[in-house]
Each structure stands twice: as structure tokens, then as C-alpha cells.
Amino acid sequence: MAVPVSATVAAPQRVAATRSRQALSVLVVSTLAFTVCFMVWMMFGVIGIPLKKTLGLSATEFGLLTATPVLTGSLVRVPLGIWTDRFGGRIVMTILMACTVPAIFLMAYATQFWHFIAIGLFVGLAGGSFSVGTPYVARWFPKNRQGFAMGVYGAGNSGAAVNKFVAPAIVVAAGWTMVPQVYAAVMLGTVILFWLFSHSDPAHLVSSNVKFTDQLKALKDPKVLKYCQYYSIVFGGYVGLSLWMVQYYVGEYGLDIRVAALLAACFSLPGGVLRAIGGWLSDKYGAHSVTWWVMWVSWICLFLLSYPQTDFTIQTVNGPSTFHVGLNVYTFTALMAVLGVAWAFGKASVFKYIANDYPRNIGAISGIVGLAGGLGGFLLPILFGALMDLTGVRSSAFMLLYGVVWVSLIWMYFTEVRQRPVLGPEAA
0 MAVPVSATVA APQRVAATRS RQALSVLVVS TLAFTVCFMV WMMFGVIGIP
50 LKKTLGLSAT EFGLLTATPV LTGSLVRVPL GIWTDRFGGR IVMTILMACT
100 VPAIFLMAYA TQFWHFIAIG LFVGLAGGSF SVGTPYVARW FPKNRQGFAM
150 GVYGAGNSGA AVNKFVAPAI VVAAGWTMVP QVYAAVMLGT VILFWLFSHS
200 DPAHLVSSNV KFTDQLKALK DPKVLKYCQY YSIVFGGYVG LSLWMVQYYV
250 GEYGLDIRVA ALLAACFSLP GGVLRAIGGW LSDKYGAHSV TWWVMWVSWI
300 CLFLLSYPQT DFTIQTVNGP STFHVGLNVY TFTALMAVLG VAWAFGKASV
350 FKYIANDYPR NIGAISGIVG LAGGLGGFLL PILFGALMDL TGVRSSAFML
400 LYGVVWVSLI WMYFTEVRQR PVLGPEAA
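In terms of numbering that gives the first Met the number 0, the sequence shown opens at residue 0 and continues consecutively.
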């Protein structure tokens, strides 16, 4: 008996429709999971302020406190990325988030500095979620939409801004110990939602006869080191400043913690949410063009942010005249917002490089690049604190980042810009 033509046509259409719904569901629930993980990862950026006063911490110790979770989240990114290639993002992400719940809850009962450091190492596992979700989401979409998909997922970085909205309100209403208790409950709920609405596809797994060492061979490529350097500023700088900015506003401008957190969110929120637009731009114009302009915008913003509050006196025909040079809180916040937008685009464009160059090894490569960015986010708050203790100048944090951007610009110029156009259709 002949099969109707309409039936043979409808079957592939149903499969495509089902596949499309699953891809959308995976993208939405993965982005939610990453947002919650990032919110937890950045928790010390807010609760660290009352802890600094309670424990009598120096600026360097405060930097170490805020950065400790970032260290663990960075170090686990490579193995998590590899495991995602082998076992699938659904199972790896679920186990990862579930493992953080007890540590988050125990944070409320810590009383000494070393308690927070030790527990923070386990809480930091949440930061490894990035190298799980990136390849997991990317493989559900065609190549010409992977940049956008990874950008949407990466918008979960806005969890840093969510933390700045939620945590200060909880601190003021019920004390800092309530923050980890609430966050533990939120993480547990997210684990359940993720498992219920995510999907897995055996076709996305790397063949079981491929060894870890085979997956890591691509790391010998010098391009990977370059992508690591780019990501250490656009992501590492984002994490470092997200952790540092609330106390910077409190110290530099004498603001209340809630107002300081709200203004700091002007950097964190666009730095996360607009990553999806960066992915779309990278798909359309190419990773190189977007990254090049991101670095130049960063260079300009950081140059202006680096200038400390300065009073100087000059001799005029009418006698000595004193002038003040420095950014007021409004100009400072506007520059930080622009920097956040630039880094949102940059985070997406760097991973577009990876999707283009390593389509069968996204997990391993995104893991090593994510590790570099995470280590930047770990080291920068410590260096910010050490520089402030050493110089007494708060804007020294931006001076350091300004130097790192210089390295990126020079490296990019000699390896890419001299070989290809930055504008026009050829750039894409």
C-alpha cells in the first residue's frame, strides 16, 4: 500500500518542530540555571561588605574573600567542559548544581575567616556551569545561530546584577546570614526545574573511543592562548569588577549599601543581558570585528576611569588657584555602563571564535578559555585590594585593567588586524 505524500512530508516537519521546541526549552532553562549559578557565585560581592567590618579585613583580605569561589569555578571548567562533551550537558549540569546546595546553606553558619574561605571553595563550583551550558546549548542550534544561542545563554552573567538587587535587600531586612539560606533554596528549586525541562541528544556526545588527551590536543594551538587572553579581560574583568564595585561605591562616594549595589548593577546588568546581542553581532559581522572594537571601547573607558580624584594648585597672574579633577558618581556610573556593554559583546565574540574554529571540541576549548577568564576573575579582586593597600588609590584597579587591555590590543593587532579588514563585508 502506498504511503501518502503528505504523510512523508509531515513526518520530517513534526521532527523539526519537536527539535525546535526542545532547543528552545534547553536554551531557556539553561539560561535560568546559569543566572542562578552566577548569582550564587557573586554572593560575596555583597555579603562581603558586612563581613569585612565584622571580621576586620584589609582590602587584600576582602579581595581574597570575594575571589575564593571564583578560583574553584575556574579550575573545574576544563574537566566539566570535557565531561559535557562525553556525557551530555543535562546530567553534568544537574549534578553540578545539586552539589553546591549544601555548601551554600552552610555559609550561614560560618563565623571565622577561614570558614568562609573553605566553604567558598565549594560554593564556587557553581561558576563551572558556564563551560557546561555553552557546548550543551550550542549543539542544539545550527552553526549560523550558535553565536546568538551562546550569547543568550551567556546573558546568565546578569546573575551578578540579580545578586546586587536581591542580596542588599535581604541583608538590610534580615541580616547577611539569611542570604545563603535563601540562595540555597533557590538553587534547589532550579535543579528541579532544569531536570524537568531540559533534554538530551546522544548525537551531541563525543564518541566514547575519544580519550581526554585527544580532546585536549587542540590546546596546543597558539590561537587558544590568544582567546584566553581576550577572555581574561572581557570576562575576568567583568567578574572582578562585579565583586569589587559595591565596596568601591561605598568607599569612594560614601553611599549606602543598597544605593551602591543599585549603581553597581548598572555595570553588571548590561554586562550580562546584552551578551545575546554580542552573539548576534558576532554571527553577522564576525568575531574578529566585534572583539577589535570591544577592546578599543574598553581602552577609552578604562583610561578615563583610571584617573584618581585630584586637587592641584597652579600659579596664575592673580595668585594660586586650586582645581579639582575627578569623576563624579554620575559620570563614573555612565562609563561603567558603557564598559559593561562592551564586555558583554566581547564575551560573546570570543566564544564565536571557538564555535568557528573548534566545532567538534567546543566543550574542551570553552573549558580552557573559561578557565583563563575565571582565573582572571579570581586574581583581579586580590590585585585590586593589594594595589589599594599599597598605593591608597582606589582607581588603581582600573589602571591595572587598562594595562591588560593594552596587551590584548597589541596582540590582536599583530596576529589579526594586519591580515584582515575590520569593517565591511570581508570582515565577517
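We treat Cβ as the ideally placed atom computed from N, Cα and C, and that holds for glycine. On a predicted model such as this, the values are computed, not experimentally measured, just so you know.
**Item:** Option in Ala336, Gln21, Asp356, Thr71 with minimal Cα separation from Ala125
**Value:** By one-based count along the sequence shown, residue 125 stands at place 126. Per the Cα distances, Thr71.
**Item:** Inter-residue spacing [alpha-carbon to alpha-carbon] between Glu425 and Ile256
**Value:** Here the question's residue 425 lines up with position 426 in the sequence shown. Here the question's residue 256 lines up with position 257 in the sequence shown. Low local confidence applies: a pLDDT of 49 at Glu425 is under 50, so the model's placement there is unreliable, and no value is given.
**Request:** Give me the Cα-Cα distance between Ser320 and Thr309, rounded to the nearest whole angstrom.
**Result:** The count along the sequence shown starts at 1 and reaches residue 320 at position 321. The count along the sequence shown starts at 1 and reaches residue 309 at position 310. Cα-Cα distance, rounded: 14 Å.
**Prompt:** Excluding sequence positions up to five away, which residues of its chain have a Cβ less than 8 Å from the Cβ of Leu422?
**Reply:** The sequence position of residue 422 within the sequence shown is 423, counting from 1. Here the model assigns Leu422 a pLDDT of 49, short of 50, so the residue's position is not dependable and the matter cannot be decided.
**N- and C-terminal bounds of the beta strand (DSSP E) containing Phe449** = The structure shown does not extend to residue 449, since the chain is modelled only from 0 to 427, so the question has no answer here.
**Buried versus exposed, by CB contacts within 10 Å (16 or more), Gln228** = For the purposes of this step, residue 228 is identified with residue 229 of the sequence shown, where counting begins at 1. Looking at its Cβ environment, which holds 16 or more other Cβ atoms inside 10 Å, Gln228 is buried.
**Message:** For Lys163 and Val233, which I take to be in contact (beta-carbon distance under 8 Å), what is that distance rounded to the nearest angstrom?
**Reply:** For this step, residue 163 is matched to residue 164 along the sequence shown. For this step, residue 233 is matched to residue 234 along the sequence shown. About 20 Å separates the two Cβ atoms, so there is no contact after all.
**Asked** Leaving out the 5 sequence neighbours to the left and right, which residues in its chain are closer than 6 Å to Trp279 when beta-carbon positions are compared?
**Response** Taking the first residue of the sequence shown as position 1, residue 279 is located at position 280. Same-chain partners within the cutoff: Phe147.
**Request:** Locate the beta strand (DSSP E) running through Thr309, then write down its first and last residues.
**Result:** One-based indexing of the sequence shown puts residue 309 at position 310. Segment 309 to 315, the beta strand (DSSP E) holding Thr309.
**Asked** Is Ile48 buried or exposed, if buried means 16 or more other CB atoms sit within 10 Å of its CB?
**Response** As a position in the sequence shown, residue 48 is number 49, starting the count at 1. Ile48 comes out buried.
**Asked** Assuming Trp40 contacts Pro78 under a Cβ cut-off of 8 Å, what Cβ separation, rounded to an integer in Å, is found between them?
**Response** For the purposes of this step, residue 40 is identified with residue 41 of the sequence shown, where counting begins at 1. For the purposes of this step, residue 78 is identified with residue 79 of the sequence shown, where counting begins at 1. Not a contact, Cβ separation roughly 18 Å.
**Item:** Proximity of Gly366 and Arg76 at Cβ, strictly below 8 Å
**Value:** For the purposes of this step, residue 366 is taken as residue 367 along the sequence shown, with counting starting at 1. For the purposes of this step, residue 76 is taken as residue 77 along the sequence shown, with counting starting at 1. Against a cut-off of 8 Å, the Cβ pair of Arg76 and Gly366 comes out as a contact.
**Request:** Assuming Ala137 contacts Ile361 (C-beta within less than 8 Å), just tell me the rounded distance between them.
**Result:** Stepping through the sequence shown from its first residue, residue 137 is reached at position 138. Stepping through the sequence shown from its first residue, residue 361 is reached at position 362. Going by Cβ atoms, the distance from Ala137 to Ile361 rounds to 6 Å, so yes, they are a contact pair.
**Spatial neighbours of Ile103 in its chain, beta-carbon cut-off 7 Å, leaving aside the 5 residues before and after** = Within the sequence shown, the letter at position 104 stands for residue 103. Hits under 7 Å: Val39, Val122, Pro179, Tyr182, Ala183, Met186.
**Message:** Within the continuous alpha helix (DSSP H) that includes Tyr357, where are the two ends?
**Reply:** Reading the sequence shown from its first residue, position 358 is the one you call residue 357. Run containing Tyr357: none; DSSP gives neither H nor E here.
**Item:** Leu23, buried or exposed, once every other Cβ within 10 Å from all chains shown has been counted against 16
**Value:** The count along the sequence shown starts at 1 and reaches residue 23 at position 24. Exposed is the call here.
**Request:** Quick one: residues in its chain with C-beta nearer than 6 Å to the C-beta of Arg89, no 5 flanking neighbours on either side, listed in chain order?
**Result:** Counted from its first residue, the sequence shown places residue 89 at position 90. Result list for Arg89: Ser197, Ser199, in chain order.
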